[in-house]
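Here the sequence shown stands for residues 1 to 217, numbered as in the UniProt record's numbering.
Have a look at the structure below before the remarks.
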Amino acid sequence: MAEGLRERKKRRTRQRISEAALGLFVARGFDDVTIAEVAAAAEVSVNTVYNYFESKEDLVLPPDEASPQRLADIVRAREPGESAAGAVLGRLRQEVRGRERQVGLSPGFGRVLEMMLAAPTLTARLEGLGRRMTDTLAAALSEETGAAPDDPLPRVMAWHIGSLHALVLGDIARRATAGERPEVIAERVLELLDTVESVLGERVLTYAVREERPCSG
């Protein structure tokens, strides 16, 4: 369905607010910029900013992009014959090769990350987000595999998958803040993903393989 005029206008307004906010935050620091200053830079009212972003932190980590459902959604969307860990490894490789914003490989992300790490409320949100991703994935794996409520295996597998995800994002962050170019980071992180996969072990790599769809006849 084609995007309507109203939707396009709203998307552009949201993007203008986000870009204005990030520019100010990177230049002056997250804690030293007010919502009123963001609104003025984006040429909108303060109420308009809050209509699009419920909190100041959402300007940097919007819930639709920084979602605790991320890992669970990747696993739910996996192809027949693909395991839970395999799906996450595959998605990470795809995002790294594409140098996508989702994994912090867009141009200029290093400065944005430095700003985020200097703001306690943002670092706390990032840490909480990682925990919630793992918890949500554990619940999804438990439901899908029919595990008993007291079965620890889905939580253990979610921890392994969540840890590899955090390791990759952490390596990207370290390299980005050190000033490495996105193409260099991508190359190194793809090597890291190969190493991660080689040491995970068969139990993790073959857990929760999606069954093949039955042929229709």
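Yeah, the Cβ is synthetic: ideal placement off N, Cα and C, and Gly gets one too.
Taking the Cβ atoms as the reference, Y50 lies roughly 12 Å from R14, outside the contact range of under 8 Å. Membership of E211 in any alpha helix (DSSP H) is not indicated, and neither H nor E is assigned to it by DSSP. By the Cβ-count criterion, V184 is exposed, with fewer than 16 other Cβ atoms from all chains shown falling within 10 Å of its own Cβ.
Distance between A2 and V103, taken at the CA atoms: about 28 Å. The beta carbons of L193 and L92 sit about 6 Å from each other, so the pair counts as a contact at 8 Å. Counting other Cβ atoms within 10 Å of its Cβ, V199 stays below 16 and is therefore classed as exposed.
Beyond the five residues adjoining it in sequence on each side, G86 comes within less than 6 Å, by CB distance, of no other residue in the same chain. In this structure P182 is buried. Its beta-carbon is surrounded by 16 or more other beta-carbon atoms within 10 angstroms. Around the beta carbon of S142, a 10 Å sphere encloses 16 or more other beta carbons of the protein chains shown; the residue is thus reported as buried. The beta carbons of L22 and A72 sit about 28 Å from each other, so the pair does not count as a contact at 8 Å. Using a C-beta cut-off of 8 Å, the region 104 to 111 makes no contact with the region 122 to 136, since fewer than three inter-stretch Cβ pairs fall below that distance. The count of Cβ pairs closer than 8 Å, one atom from the region 32 to 48 and one from the region 62 to 71, stays below three, leaving the stretches out of contact.
Annotation: P68 to A41 spans about 30 Å, alpha carbon to alpha carbon.
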